[in-house]
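Sequential numbering of the sequence shown, starting at 105, is according to UniProt numbering.
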Amino acid sequence: PPLHSIINSYDFEKVAAETASKKTYAFYSTAATDCWSRDMNESMYKRIWFRPRVMRDVSRIDTSTTILGNKVNVPLFICPTGLAKMIQPEAEKALARAAQSTGILEILSTSASHPVEDIVAEAPGHPFFFQLYVNKDRRKTEELIARVNKLGFKAIFVTVDAAGRGKRESDERLVVDELVMSPVTGERAKTDKKGGGLTRMMGSFIDQALTWEDIAWVRTLTDLPIVLKGITTAADAKLAMKHKVDGILLSNHGGRNLDYSPPSILLLLEMHKCCPEIFDKMEVYVDGGIRRGGDIIKALCLGATAVGVGRTFLYSLAYGTEGAEHLVEILKDEMDSCMKLLGVRDLSEVHPGLVNTSDVDHL
Ligand code: FNR
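Structure below.
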């Protein structure tokens, strides 16, 4: 279908489901066991109502903000996702160009399909963030961070919710193309008696021995701001403050790791209830299930500085750079009209009073 027939995030998903290979769509869309956290990520946003204010001169709207000091046109980043080239060969490079032309940020995965040097070269002068999976072989991580430092990245997001691997069943059910290789280890995918899942091969290098003490070690390797990706409780947010990181990304990994970890918007509510000081101490981001401009506004009302989108960017790659640009425009337009109808002109004016969370407050 032509790009102009795509008018929302769900349309991109439909096209990917129909046009990508079955295995690719299974790997991207799947989540752990019952996929409940994945599904609830999306549907919990639908249980939050707006409390709009009227007659506030909203003739001019500004959706821009800064993320760790980097100016962005929309409070949105492209989540790190491994193996984006399964849907389109240019993959993270195509996303990099779209990030630059639309003025948003891309977080490059440790498991990106192309070397980081090649990806950042696609968008000269544009800021990038890096997502780190700590390797069991710590020397490999040291080498990787040295490359990241040299390339002028603006922050490192250390993923902390991958000590185990989610059992992703739609991925396991399909045999894997045995030519697919882990971009990190070169290990080949294989189908065995557990199934044909790519996840097991992709995650085999991740260090399950990671602890809070390792933050100090990462700090010895870089001067970049450090953000923890995958915090889901107030208790761990408090530890993040204690370890003086620069931000946290509240996330259940798109439901792909621990199923029944809470939906992303509830994570923000937990911070408000149990750890409100976090919002003064560091930037807080959220990802998982964000499909509408209105979802972005809801998250920002509840204290997020910016949000991440994962799967829809992968699906948009069915149309290459143009697809990803189109997705950003769609989300920005939806945000724009949502802000006008809520009575806010810029992102400094959003606050919790603009949303009614009573339907989920007891959860
Ligand atoms: C991911 N995610 C992920 N996270 C991470 O820290 N490193 C990674 O390499 C990957 N790889 C990855 C691959 C694929 C195919 C998906 C779908 C997801 C998780 C990702 O960064 C993000 O947390 C979620 O995708 C957000 O949820 P939505 O927007 O996909 O619902």
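Ideal placement from N, C-alpha and C gives every residue a C-beta, glycine not left out.
- Task: Spatial neighbours of Leu372 within its chain, please: CB distance less than 7 Å, with the 5 preceding and 5 following residues excluded, ordered by chain position.
- Result: A distance below 7 Å between beta-carbons, with the five flanking residues on each side excluded, links Leu372 to the following residues of its chain, in chain order: Leu354, Val390, Ala403, Leu406, Gly407, Ala408.
- Message: If you reduce the DSSP assignment to three classes, tell me which class Ala130 lands in.
- Response: Helix, per DSSP.
- Task: Identify every residue that forms a DSSP beta bridge with Asp296.
- Result: Asp296 is bridged to Gly299.
- Item | Runs of alpha helix (DSSP H) lying entirely within the segment 317-367, each at least 4 residues, in chain order | Runs of the alpha helix (DSSP H) inside the segment 317-367: 318-325, 338-346.
- So is the beta-carbon of Val176 under 8 Å away from any non-hydrogen atom of the ligand FNR? No.
- Identify every run of the beta strand (DSSP E) within the segment 211-281, keeping only runs that are complete inside it and at least 3 residues long; order them along the chain. Complete beta strand (DSSP E) runs here, min 3: 233-236, 259-263.
- Query: Quick one: what's Ala203 bridged to in DSSP?
  - Reply: Looking at the DSSP assignment, Ala203 forms no beta bridge with any residue, so it has no partner.
- Taking DSSP as the reference, what is the three-state secondary structure of Gly393? Under the three-state reduction of DSSP, Gly393 is assigned to coil, being neither helix nor strand.
- Considering only C-alpha positions, which residue in the set Val331, Pro456, Val432, Leu212 is nearest to Pro380? Sorting Val331, Pro456, Val432, Leu212 by C-alpha distance to the C-alpha of Pro380 places Pro456 at the top.
- How about Ala195 and Leu421: do their beta carbons lie closer than 9 Å? Cβ distance < 9 Å, so Ala195 and Leu421 count as in contact.
- Following the continuous alpha helix (DSSP H) through Thr409, name the residue where it begins and the one where it ends. Element bounds for Thr409: n/a, residue is neither H nor E.
- Message: With DSSP as the reference, identify every bridge partner of Glu387, one or two as the case may be.
- Response: DSSP output for Glu387 lists Gly351 as bridge partner(s).
- Task: Report the option in Arg395, Val388, Ile165, Ala339 whose CA atom is closest to the CA atom of Ala410.
- Result: Of Arg395, Val388, Ile165, Ala339, the residue nearest in Cα terms is Val388.
- Enclosing beta strand (DSSP E) for Lys175 [first to last residue]: Lys175 -> beta strand (DSSP E) spans 174-176.
- Simplified DSSP assignment, three categories, for Val284: DSSP places Val284 in coil when its eight states are reduced to three.
- Task: With a cut-off of 8 Å on the beta carbons, I'd call Gly359 and Gly412 a contact; round off their distance for me.
- Result: In this structure Gly359 is not in contact with Gly412, their Cβ atoms being roughly 14 Å apart against a cut-off of 8 Å.
- In terms of residue numbering, what span does the alpha helix (DSSP H) encompassing Leu435 cover? First-last of the alpha helix (DSSP H) with Leu435: 424-446.
- Message: Please classify Val279 as buried or exposed, where buried requires at least 16 other C-beta atoms within 10 Å of its C-beta.
- Response: By the 10 Å Cβ count, Val279 comes out exposed.
- Return yes when the C-beta of Asp161 is under 8 Å from any heavy atom of the ligand FNR, and no when it is not. Not one heavy atom of the ligand FNR lies closer than 8 Å to the C-beta of Asp161.
- Query: So, Asn112 versus Pro367, is the Cβ gap smaller than 9 Å?
  - Reply: Not in contact: Asn112 and Pro367 (Cβ atoms no closer than 9 Å).
- If we count the other Cβ atoms within 10 Å of its Cβ and call it buried at 16 or more, is Thr461 buried or exposed? Thr461 should be labelled buried.
- Message: Using 9 Å as the threshold, is the C-beta distance between Thr303 and Phe417 below it?
- Response: At a Cβ-Cβ threshold of 9 Å, Thr303 and Phe417 do not count as neighbours.
- Message: Between Val238, Val220, Val459, which has its C-alpha nearest Ile310's C-alpha?
- Response: Distance check between Ile310 and each of Val238, Val220, Val459 places Val238 closest, using alpha-carbon atoms only.
- Message: Under 8 Å: does the beta carbon of Leu199 sit that close to some heavy atom of the ligand FNR?
- Response: Exclusion of Leu199 from the 8 Å shell around the ligand FNR follows from its C-beta lying no nearer than that to any non-hydrogen atom of the ligand.
- Query: Whole-angstrom Cβ separation of Glu276 and Gly301, contact assumed at under 8 Å?
  - Reply: Separation of the CB atoms of Glu276 and Gly301 is rounded to 4 Å, and the pair is thereby assigned contact status at 8 Å.
- In or out: Cys442 buried (at least 16 other Cβ within 10 Å) or exposed? Cys442 counts as buried, since at least 16 other C-beta atoms from the protein chains shown sit within 10 angstroms of its C-beta.
- Query: If Ala259 and Leu172 are in contact, beta carbons under 8 Å, what's the gap, nearest whole angstrom?
  - Reply: Beta-carbon to beta-carbon, Ala259 and Leu172 are separated by about 5 Å, close enough to satisfy the 8 Å threshold.
- Item | Ala227 to Asp465 span [Cα, whole Å] | One alpha carbon belongs to Ala227, the other to Asp465, and they sit about 42 Å apart.
- Message: Since Ser215 and Val288 should fall inside the 8 Å C-beta cutoff, what is the C-beta to C-beta distance between them, to a whole number of angstroms?
- Response: That belief holds up - the Cβ atoms of Ser215 and Val288 are roughly 6 Å apart, short of 8 Å.
- Message: Count Cβ pairs between the segment 163-181 and the segment 106-126 that sit closer than 8 Å; are there 3 or more?
- Response: In short, these stretches do not touch, since the Cβ pair count stays below three.
- Message: Under 8 Å: does the beta carbon of Asn112 sit that close to some heavy atom of the ligand FNR?
- Response: Taking non-hydrogen atoms of the ligand FNR into account, the C-beta of Asn112 is found less than 8 Å away from none of them.
- Just the C-alpha distance for Arg272 and Leu332, rounded to the nearest angstrom, thanks. Cα to Cα, Arg272 sits roughly 23 Å from Leu332.
- Query: At a Cβ threshold of 9 Å, is Asp327 touching chain B?
  - Reply: Absent from the structure is chain B; it holds one protein chain and no more.
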